[in-house]
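Let me begin by presenting the structure, written as structure tokens, before commenting on it.
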Amino acid sequence: MSTRDTTRRQVMTGATLGAAAAMAAPAAAQEPGAAQARGGKQNPRDKYPKPPFKSQSQPWSGLAGRMEPRPDHGETSYVGSGRLRGRKALITGGDSGMGRAAAIAFAREGADVAINYLPEEEPDAREVIDLIRREGRKAAAIPGDIRSEAFCRQLVERAVGALGGLDILVSNAARQQSIPSILDVTTEEFDRVMKTNIYAPFWIIKAALPHLEPGSAIIGTTSEQAYNPDPDLYVYAQTKAATMNYVKSLAKQLGPKGIRVNGVAPGPIWTPLQVSGGASQGKLVTFGATSALGRPGQPAELAGIFVRLAEDDGSYTTGNIYGAGGGQGQP
Amino acid sequence: MKAARAASALIAGVALTPLAAQEPGSRQTREFVQAAGESDTFEIMEAHTALAESTDPQVRAFAQQMLRDHGQTSRALADATARAGLKPPPMAVGASQAPLLAALQSLRGRDFDRGYWRQQALAHRAALTVEQRYAAEGDTPALRQVAGAAVPIIQAHLAMAERMSASLGNS
């Protein structure tokens, strides 16, 4: 909406906030400033769209392709340098959001990638599969609902079969619904979140472990919500606290086997989770305004963290949580 | 040679400490511009949130008015800082008000409306103090004028927000 770099701000001065106030949906006109060469520097405040955003809603679990503005997962910007050459990764929730950013980055770093997603997320998943194949890497699309233990076991077996092994597991898929009162949380909803966010990682890690050789890495997606929960995310936030905790427990358990376990803690990130019930409309239109950088993060801004935690160069990092919180939250 | 260079820097009005060189204006003025700019941004963000969340006609009308009025006060502030050769006001929610916006973002229905009025009363009381003080004591005339013009606008907002907040049982 507004540019704040030092050269242009002198010129624009008064026009900026007035425009913010007057325009109903200024963010719709913005496109992520993605197609930049790597290196150099940009003001992080101005790098991506800022609130206010357009009010928008999709049925659970949402499609990135229908968000305004479209999230940046690094499609045009991520440049690899062989950091994961020959690695084999399974990413749950790899169709959109941070999982998609990880999938694109992993492929560009030389890894073969299997992604899991819900069948209704097929349009997003197709794009990711194409992007992985465009890098000349193997891609496996494995749709299915990870609330089933039987499916979780199949998921791992199919990924191992398609990729010829497995040495990176990113347990990223999650359900999040904003519900202001505990009185309105049904047992069905509570169970659905627990199954997706807590049981599924348990089942998937358990199934994957026999395939993971020393040097393998497990990465869980936790959240700023693990440390500083919003009142309307009572259910989701406690699963992220559990994720933060299992990362630390399993790091101790699997260290002796040469397997590293780490977590990623995002702040407010612009993903389909937020437009499909994860945030109220009131939160969505000013999403990220509460952060010190004045905007939500984009999935692409976490890609490098997933790569770092997966790659062999990060070999002493285990039981740690790496954050991208925009100045809020405390991993 | 060195002495000559230092002297010409002084003549050109370039301060020798880099921090002072980056930040024109007195501390009082810089703090006022920051507080007033952050306050405008907070009001605009809360108004966008209210328009997306609330169905209450009075909340919606007030939020529309906040977009208009704080759009205007923020433009006046930005113009005055440009005229006075100061850094433009920040377009950011301040660290002390970010938790308020975060709390509002999690509310719905009547709880949202009640929370909005309560926060609006609090925020406008804080903003009024900032504007009144600078209008009375500020050292930069262009900004004193802006602060003075903002005072009656904010007083009207405050009166409305306090009336609505009290009517909804907020203390």
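Protein chains in written order, with this note's numbering: chain A, 1 to 331; chain B, 1001 to 1171. Beta carbons: idealized from backbone N, C-alpha and C, even for Gly.
Check, Outcome
"Assuming B/Ala1156 is part of the alpha helix (DSSP H), what are its boundary residues?", "Pro1141 to Ser1167"
"Does any residue of chain B have a CB that is nearer than 8 Å to the CB of A/Gly136?", "no"
"Assign A/Thr221 to one of two classes, buried (16 or more other C-beta atoms within 10 Å of its C-beta) or exposed (fewer than that).", "buried"
"Measuring straight from C-alpha to C-alpha, what distance separates A/Leu212 and A/Glu120?", "30 Å"
"Compute the Euclidean distance between the alpha carbons of A/Pro71 and A/Gly93, then round it to the nearest angstrom.", "15 Å"
"Judging by CA-CA distance, which residue of A/Lys257, A/Asn320 and A/Phe306 is the nearest neighbour of A/Gly74?", "A/Phe306"
"In whole angstroms, give me the CA-to-CA distance for A/Lys88 and B/Arg1030.", "54 Å"
"What does the alpha-carbon distance come out to for the pair A/Pro26 and A/Pro52?", "Unreliable placement is indicated for A/Pro26, whose pLDDT of 39 sits below 50; the coordinate value is still reported in the next sentence. The straight-line gap from Cα to Cα measures roughly 7 Å."
"Could you tell me if A/Ile146 is buried or exposed, where buried requires 16 or more neighbouring beta carbons within 10 angstroms of its beta carbon?", "buried"
"According to a CB-to-CB cut-off of less than 9 Å, which residues of the segment 262–289 of chain A neighbour chain B?", "Ala279, Ser280, Gln281, Gly282, Lys283, Leu284, Val285, Thr286, Phe287 and Ala289"
"Pull up the DSSP beta-bridge partners for A/Ile321, would you.", "A/Gly263"
"Suppose you measure from the CA of A/Gly215 to the CA of A/Leu250; what does that come to, to the nearest Å?", "15 Å"
"8 Å is my cut-off, CB to CB: does A/Gly294 come that close to chain B?", "yes"
"Among the candidates A/Ile104, A/Ile205 and A/Ala300, whose CA atom is the shortest distance from the CA of A/Glu157?", "A/Ile205"
"So B/Thr1073 and B/Ala1150 are in contact, right, with Cβ under 8 Å, and what is the actual spacing, rounded?", "5 Å"
"Along chain B, which residues have their Cβ under 7 Å away from the Cβ of A/Ser333?", "Since the first and last residues shown for chain A are 1 and 331, residue 333 of chain A lies out of range."
"Closer than 8 Å, CB to CB, is A/Pro32 near chain B or not?", "The predicted model places A/Pro32 with a pLDDT of 47, which falls under 50 and marks its position as unreliable; any figure quoted below should be read in that light. It does not: the Cβ of A/Pro32 has no partner Cβ on chain B nearer than 8 Å."
"Under three-state DSSP, which class holds A/Leu209?", "helix"
"What residue range is occupied by the uninterrupted beta strand (DSSP E) comprising A/Asp112?", "Asp112 to Tyr117"
"Quick check: what's the CA-CA separation for A/Ser315 versus A/Tyr236?", "30 Å"
"When burial is assigned at 16 or more other CB atoms within 10 Å of the CB, is A/Glu31 buried or exposed?", "Its pLDDT being 45, under 50, A/Glu31 is placed unreliably in this model, and the value from its coordinates should be taken loosely. Answer is exposed; the Cβ neighbour count stays below 16."
"From the DSSP output, read off the bridge partner residues of A/Lys88.", "A/Asp112"
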